[in-house]
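J.:
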Amino acid sequence: YNMLILVHTPGERGKATEILRLIDPQTLEWSLEVQWNGETPAIAEWCIGLWKTDLLQGATLAGEGELATEQMTPKPITREGDILFRGKKLVVDSRLARIEIEADANTPFVVLDGRGNPNRAWSQEIPSLWLGVLAAAFYLGRRPSPVYLLAPIGAAALLVLLRFPRLGLLATITVALLIPVAIGTGTEVSLNLSALAVPGVFLIWLLTRLQAGRLDFTPSRTNRPLILFLLLALLSIFIGNAIWDPAVPRSDKFIIVQLAQWALFAFSAAIYWLVGNLVKEQVWLKRLAALFLLIAGGLAMLRTLPGGVEAVNTVGTFAIYRAPFWLLLAGLAAGQLLYNKSLSWPWRIFLIAALGAVLMYAFGDQQERTSNWLGIAIVLSVLIWLRFPRIRWPVMIVIGALLMTGVLFQFIYDYAGGDEKWTESGASRGVLIERVIELSMRNPITGIGPAAYRPYGFTRPLYYEGALWIEPRINSHNNYVDLFSQTGILGLAIFLWFMAELGWLGWRLRKVYTSGFTGGYVASMLAVWAGIMVIMALADWFLPFVYNIGFPGFQASVLVWLFFGGLLSLDRMRAAQAGA
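Taking my numbering, the leading residue of the sequence shown gets 53, the next gets one more, and so forth.
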């Protein structure tokens, strides 16, 4: 009596079995098993149910995946395609009940908010949310997982990379942008191909160097702080567990989550070093930049066309919804347009169109996303400041006057959403940051350990604007606060040391590479560096927090780390030319 089984038989090529099972009075398990006998994949959408939004007004939202807003409001706040949430787990705290929805497979679920969209017929009479699975692929005799098809491709790629390891950098860019695959780990954390490609290519590079009998590592002042940061982050795992409060419960698999958080740090450093050591000629740096600009610019322009958003959602990864993606695209495109006089007209037209798509996205479609437009504004401003030295002082005087009068601040505040946006997001983030810092004071020197503030946050309810969050799944939404919590003031200081050395490296190279492709590249990376330093205060964009932006966001941040590695490569080329 606790189970309902529905068998759907769409035809002779397969069937679907839908099972509803009542685990206990508070838990309902809903599963779909598909047997597909066709030679070509079938694409299915599975609607689990609809929610009346009237019952959810004021509810707080938290999730492991893509979340458009942390609170249900009378006006819908969504991502492209009316997506309110997409991921593995969603927690809704409403005035009526607390609801937890968790996917127990490799296929993430989505929640669509149909309010205000006349094409969502299911939300016209009664404003509703749609819960289910979009565009799941089913293969011959298999459950829905594209990993089965990618396994032989990966084996073939391994053989090629052993012979040509630099192709791994091109592959990393491709899988970060174009192959949306989620790989379950048995925890709340899912991996993707970017998370597999980076360590894979790094190990292949080590093997080829060891086989050649030498491990030549590009010397740089950025190496020491980056190595120290990784060692301290690893040490903080052991220290954090040694001083763990026994009154704070944690999963038996929590150590896996902590190692996954450390892996996000390590993989970021690995791709930076890979580019610095593998790319020894400018032509390869040009190939990396061209591939990224073609794919990223193409996706940005595609989403501006009718039906383009759905197409991009199908072929693109979560990277295209992350601020670092748009900062990097704006920086590289504008840098080449401003500095590279030898740029061909087809490329120039393409980059202008791509930059236009970036501006349309950041300042039009996603104006409410401050990280996007603020970061891009900083990137473009720095590029113009670097390219046109004669206008620097007049512009600085004007900006200084606007700041002193308060006009500029008021304009930015109003453009970002004003008091309404501050109440919805800004002030609430302040409360979250305050709680994270409070929890982290248990060990402010080396931190309480990677990802540790999440279980510590469960120990006490969180109050905000008259609402009570009984079991808060807190995120600071701030890279600097995250680093302080996880690695302490020591880890934060070492990371800032690395970023300062990286910025200084770019500044020195700017005097060497003044024009052409390399001049535009160096200026772009300096501008992106400035933008990243700012948006790190708005979310965990650059070093994703495993429970928030996580590995899906790593698909965007890894690209920034990759192209920062290009500065290391150019410095190596400069040193080689100077010693010749």
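Glycine included, every Cβ here is placed at the ideal spot set by N, Cα and C.
Beta carbon of Val143, beta carbon of Gly115: below 8 Å?
T.: Against a cut-off of 8 Å, the Cβ pair of Gly115 and Val143 comes out as a contact.
J.: Have a look at Phe550 and Arg626 and give me their C-alpha separation to the nearest angstrom.
T.: One C-alpha to the other measures close to 21 Å.
J.: Expressed to the nearest angstrom, what Euclidean distance is found between the alpha-carbon atoms of Trp257 and Leu557?
T.: Looking at the two C-alpha atoms, the distance is approximately 24 Å.
J.: On the CB-based measure, 16 or more other CB atoms within 10 Å of its CB, does Ala247 come out buried or exposed?
T.: Classification for Ala247: buried.
J.: Roughly how many angstroms separate the alpha carbons of Ser180 and Lys127, rounded to a whole number?
T.: Between Ser180 and Lys127, the C-alpha separation is close to 12 Å.
J.: What number of angstroms, rounded off, separates the C-alpha of Phe377 from the C-alpha of Val59?
T.: Rounded to the nearest angstrom, the two C-alpha atoms are 43 Å apart.
J.: State the beta-bridge partners of Phe137 as determined by DSSP.
T.: DSSP, once it has assigned bridges, lists Leu119, Val163 as partnering Phe137.
J.: Please return the same chain residues whose Cβ sits closer than 7 Å to the Cβ of Val250, not counting the five positions on each side in sequence.
T.: Counting only Cβ-Cβ distances below 7 Å, and skipping sequence neighbours, we find Thr224, Phe319, Ala322, Ile323, Val610.
J.: Which same chain residues end up closer than 7 Å to Leu28 when comparing Cβ atoms and leaving out the 5 residues on each side of it in sequence?
T.: The question about residue 28 has no answer here: the residues shown for the chain are numbered 53 through 632.
J.: Is it true that the CB of Val410 sits closer than 8 Å to the CB of Leu381?
T.: Yes, the Cβ-Cβ distance between Leu381 and Val410 is below 8 Å.
J.: Counting along the chain, where does the beta strand (DSSP E) carrying Glu154 start and finish?
T.: First-last of the beta strand (DSSP E) with Glu154: 150-154.
J.: Jot down the residue ranges of each uninterrupted beta strand (DSSP E) in the region 581-609, minimum 3 residues, whole runs only, in chain order.
T.: Those beta strand (DSSP E) runs which fall completely within the region 581-609 and span 3+ residues do not exist here.
J.: Starting from Asn424, trace the alpha helix (DSSP H) in both directions and tell me its first and last residue.
T.: 422-439 is the span of the alpha helix (DSSP H), which, as asked, contains Asn424.
J.: Quick check on Gly416: buried or exposed, where buried means 16 or more other Cβ atoms within 10 Å of its Cβ?
T.: Label assigned to Gly416: exposed.
J.: By Cβ distance below 8 Å, which residues in the same chain neighbour Gln418 in space, the five residues on each side in sequence not counted?
T.: Excluding sequence neighbours, Gln418 sits near Asn424, Trp425.
J.: Between the Cα of Pro232 and those of Ser621, Phe603, Gly617, Leu619, spot the shortest distance and give me the residue it belongs to.
T.: With distances taken between Cα atoms, Pro232 lies closest to Phe603.
J.: Between which two residues does the alpha helix (DSSP H) harbouring Gly350 extend?
T.: Where Gly350 is concerned, the enclosing alpha helix (DSSP H) stretches over 334-354.
J.: Taking the alpha carbon of Pro513 as the reference point, which residue from Gly328, Tyr505, Pro524 has its own alpha carbon closest?
T.: Pro513 has its Cα closest to that of Pro524, out of Gly328, Tyr505, Pro524.
J.: Could you tell me the alpha carbon to alpha carbon distance between Val364 and Gly349, rounded to whole angstroms?
T.: Whole-angstrom Cα-Cα distance: 12 Å.
J.: Quick check: the region 576-594 against the region 290-309, are at least 3 beta-carbon pairs closer than 8 Å?
T.: The region 290-309 is not in contact with the region 576-594.
J.: Using beta-carbon positions only, say whether Ala371 and Gln607 come within less than 8 Å of one another.
T.: Their beta carbons are under 8 Å apart, which means Ala371 touches Gln607 by this criterion.
J.: Just list the residues that DSSP pairs Ser146 with in beta bridges.
T.: DSSP, once it has assigned bridges, lists no residue as partnering Ser146.
J.: Under 8 Å, do Leu542 and Ile497 count as touching if we go by C-beta distance?
T.: It is a contact, given that the beta carbons lie within the stated cut-off.
J.: Starting from the C-beta of Trp213, find all residues in its chain whose C-beta is less than 8 Å away, skip the five residues before and the five after it, and write them out in chain order.
T.: In the sequence as displayed, the identity of residue 213 is Leu instead of Trp. Hits under 8 Å: Leu219, Gly220, Ala223, Gly252, Val253, Ile256.
J.: Buried or exposed: which applies to Lys104, given that a residue is buried once 16 or more other Cβ atoms fall within 10 Å of its Cβ?
T.: Burial call: exposed.
J.: Whose C-alpha, out of Arg506, Lys338, Tyr373, is nearest the C-alpha of Pro301?
T.: It is Arg506 whose Cα lies nearest to the Cα of Pro301.
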